[in-house]
Amino acid sequence: MTEFLINPASVSFSQIKTDLITHIQSLPNFEQYRTFYQDEAGQIVIDLLSGFATYDRYNIIASTRETYLNYANNRVSVVGITSSTGYNPFRGL
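Residue numbering for the sequence shown follows my numbering, beginning at 214 and increasing consecutively.
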């Protein structure tokens, strides 16, 4: 089973940031870089990664929604056009 760096169900910035911090703290060499991660530079890197992951999740969700809406619009148009010609659009494949 693959362990994800960021939980695939996380969609908010704070959830993703918490996932990243948890992962970083579980690294074997965390004590060596503790000051970097707790300092401002490390927090900026974590915030940037969290922001990018949040933006990526938003794009995935939005593109899925747009694809579904286009499919639904096309289906309604096809059903409307074929129904008026006497063709049964609900027949099986």
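Heads up, the beta-carbon is just placed ideally off N, CA and C, and yes, glycines get one too.
Check: Supposed close pair I229, Y250 - CB separation, criterion 8 Å; Outcome: Between Y250 and I229 the Cβ distance is about 16 Å, and since that is not below 8 Å, they are no contact.
Check: Nearest-angstrom Cβ-Cβ length linking V224 and R270, presumed shorter than 8 Å; Outcome: 5 Å
Check: Selection from F226, S227, D232 that minimises the alpha carbon distance to N220; Outcome: D232
Check: Secondary structure, alpha helix (DSSP H): runs of 4+ residues fully inside the segment 245-274; Outcome: 247-251
Check: Nearest-angstrom Cα separation, counted from S290 out to S227; Outcome: 41 Å
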